[in-house]
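Going by the working numbering, the sequence shown opens with residue 166, and the numbers climb by one from there.
Using N, Cα and C, we set each Cβ at its ideal position, and we do this for glycine too.
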Amino acid sequence: MLTPKNKQDFFSIKTPIKYEGKDSDNPLSYKYYNAEEFVFGKPLAEHLRFAACYWHNFVWPGTDPFGGMTFERPWFGEDIVNAKAKADVAFEMFKLLGVPYFCFHDADVRPEGDSFKQSLYNLELITDYFAEKMNKQDTRLLWGTSNLFSNKRFMSGAATNPDPEVFAYAAATVKSVMDSTFKLGGENYVLWGGREGYETLLNTNLSKELDHLGRFMNMVVEYKHKIGFKGTILIEPKPQEPTKHQYDFDVATVYGFLCRYGLEREVKVNIEQGHAILAGHSFEHEIALASTLGIFGSIDMNRNDYQSGWDTDQFPNNVPEVALAYYEILKQGGFKTGGTNFDAKLRRQSINPDDLLIAHIGAMDVCARGLKTAATMLKEGALISKIDLRYAGWEAKMGKDIVDGSHSLQSLHDLVLEEDIRPTPYSGQQELYEMIVNRYM
Ligand code: XLS
Ligand code: NI
Ligand code: NI
């Protein structure tokens, strides 16, 4: 087995993966992702803003409810030497893949100390180690986040825990990880409410928990302004898992929460494909709704198994689905501070080190195809011009008067009576729209 000392041999290659085009049969090459290719006015890399995540790639041991570790990584072990060895391999992978960004939780990167003080010391030490590496290679931080769900102290929630000491511990943790994110030039800060929810109403004060979560999020925003962090604060919605009822169920629920606590101009969303599916939505629905509400921020790209009913975090492999997601993203102007983070993990039988590379290469190729498809659809405007036509009535007098407030129920009642208005139904033509989309795939 590899030890931390020979971790430089972890992957089979030493030089970054290249674009070789779709006819290449080299698994360690990009077939569709040509980072420099210009699409819609800028290079693909700048559209997609890929990030690899720390947790699934370097922390997850391959366990499932029926079996233990399948990945025997040489850096497994809770101490600084292993944490550095893990960072060495992580940054090696970012470099080989040429992903511009990465994302991490505090608990992914530093050993847990036996006090908050010790954990904080470890976090600072490791993030300083990151800073050195980030200076040497072109890898940036898309977002940082704190793990407020794995340790048993958070079993009944973090900000929504019945015990204010846990709230305080969570607040201290978020403050420290925001500091690290700021230090590393992170472009966003994510809060996924891992255990912000409940199992049963019988032991839960729902109203108190929501108010506490509202206060917590306001503290995050206050602190962001206090330190001058220019990145975006993002909430990541998910309907259930780990708790039965998660408070940040989906984009619409998060928006309601933000409005209730005065945060709708301060906080945006990080939308994950698998979470959208768990909530009974499509990925593109969640993106389109967030765009409409002005809170679209970033995406966690992955793929849920449509039959299993839980968050399987697979790497994406369905170009038409991915294309529709990027279509919504491009339509609203593309990413600003956000990007495409692969919150995806290998299947537990994929135990070769190079499987980590292959998984990302495949996924990046799928995203590149999806984005290019979406860009062509948008450029040719076939769908948009048909939609405009479908709503054309709203450009005429009556439609305009309704929208600008010149009409009331009474005046419309009178108008319908006087002019004997009889709306004629016309086709929604869904199959035609679907046929048009298929031409681009
Ligand atoms: C879990 C979430 C998590 C967040 C970051 O389901 O996707 O990985 O992205 O805490
Ligand atoms: Ni996620
Ligand atoms: Ni997830």
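Closer than 6 Å: residue i CB and nearest ligand 1 heavy atom
i	result
Glu401	yes
Asp470	no
Trp559	no
Thr310	yes
Trp225	no
Trp357	yes
Close Cβ partners of residue i (< 8 Å) along its chain, the five nearest in sequence each way excluded
i	result
Ala252	Val274, Ile291, Tyr294, Phe295, Lys298
Val331	Arg318, Phe319, Ser321, Gly322, Ala323
Asp530	Tyr195, Lys196, Tyr197, Tyr198
Pro518	Phe175, Phe176, Ser177
Ile182	Leu193, Ser194, Tyr195, Leu261, Leu262, Gly263, Leu522, Ile526
Arg513	Gly227, Thr228, Asp229, Gly232, Thr235, Phe236
Thr369	Tyr363
Chain-order list of residues whose beta-carbon lies under 7 Å from that of residue i (same chain, five-residue window excluded)
i	result
Pro327	Ser321
Gly499	His212
Ala453	Glu493
Met382	Tyr426, Leu428, Val432
Phe269	Tyr219, Gly309
Near ligand 2: residue i beta-carbon under 6 Å from a heavy atom
i	result
Glu361	no
Asp465	yes
Glu437	yes
Asp508	yes
Inter-residue Cα distance where the pair is residue i and residue j
i	j	result
Arg360	Asp585	57 Å
Ser194	Leu522	10 Å
Ala337	Gly350	20 Å
Ala524	Ala455	28 Å
Ala255	Tyr219	7 Å
Leu313	Ala335	7 Å
Gly535	Leu307	21 Å
Thr408	Tyr184	42 Å
Asn483	Leu548	21 Å
Phe175	Asn353	30 Å
Ala417	Trp240	41 Å
Ala533	Leu209	7 Å
Ala540	Ser280	50 Å
Met563	Leu580	10 Å
Gly242	Arg604	51 Å
Gly186	Met258	21 Å
Pro226	Arg238	8 Å
Asn450	Gln283	Checking the sequence shown, residue 450 turns out to be His, not Asn. When rounded, the distance between both Cα atoms is 43 Å.
Ile245	Met343	21 Å
Leu378	Glu277	25 Å
Lys340	Ala333	11 Å
Gln595	Arg587	24 Å
Leu167	Ala250	Per-residue confidence for Leu167 stands at a pLDDT of 49, beneath the threshold of 50, marking its modelled position as unreliable; the derived number appears in the next sentence. Taking the straight line from one Cα to the other gives about 11 Å.
Gln411	Gln405	5 Å
Ile460	Thr502	12 Å
His446	Phe422	19 Å
His390	Gln438	30 Å
Leu366	Arg380	21 Å
Phe347	Glu387	14 Å
Ser189	Lys565	55 Å
Cys424	Gly593	34 Å
Glu583	His572	15 Å
Whole-number beta carbon distance between residue j and residue i, since they are thought to touch under 8 Å
i	j	result
Phe448	Glu401	About 13 Å separates the two Cβ atoms, so there is no contact after all.
Ala509	Asp470	Not a contact, Cβ separation roughly 12 Å.
Pro265	Phe215	6 Å
Gly393	Lys433	Actually they do not touch by this definition, with Cβ atoms about 19 Å apart.
Tyr598	Lys537	Tyr598 to Lys537, Cβ: 20 Å. No contact.
Leu543	Leu495	5 Å
Ile464	Ile436	5 Å
Trp357	Thr304	No, Trp357 and Thr304 are not in contact; Cβ-Cβ is about 22 Å, not under 8 Å.
Asn467	Phe414	Going by Cβ atoms, the distance from Asn467 to Phe414 rounds to 18 Å, so no, they are not a contact pair.
Val151	Ile398	Residue 151 lies beyond the stretch modelled for the chain, which goes from 166 to 606, so this question has no answer here.
Phe480	Ala528	4 Å
Phe267	Ala217	5 Å
Ala272	Ser315	6 Å
His440	Lys403	4 Å
Any non-hydrogen atom of ligand 3 within 6 Å of residue i CB
i	result
Asp253	no
Asp229	no
Asp415	no
Asp273	no
Asp293	no
Asp476	yes
Sequence-distant residues of the same chain with beta carbon closer than 6 Å to residue i, five excluded per side
i	result
Glu374	Thr325
Leu511	Asp520, Ala524
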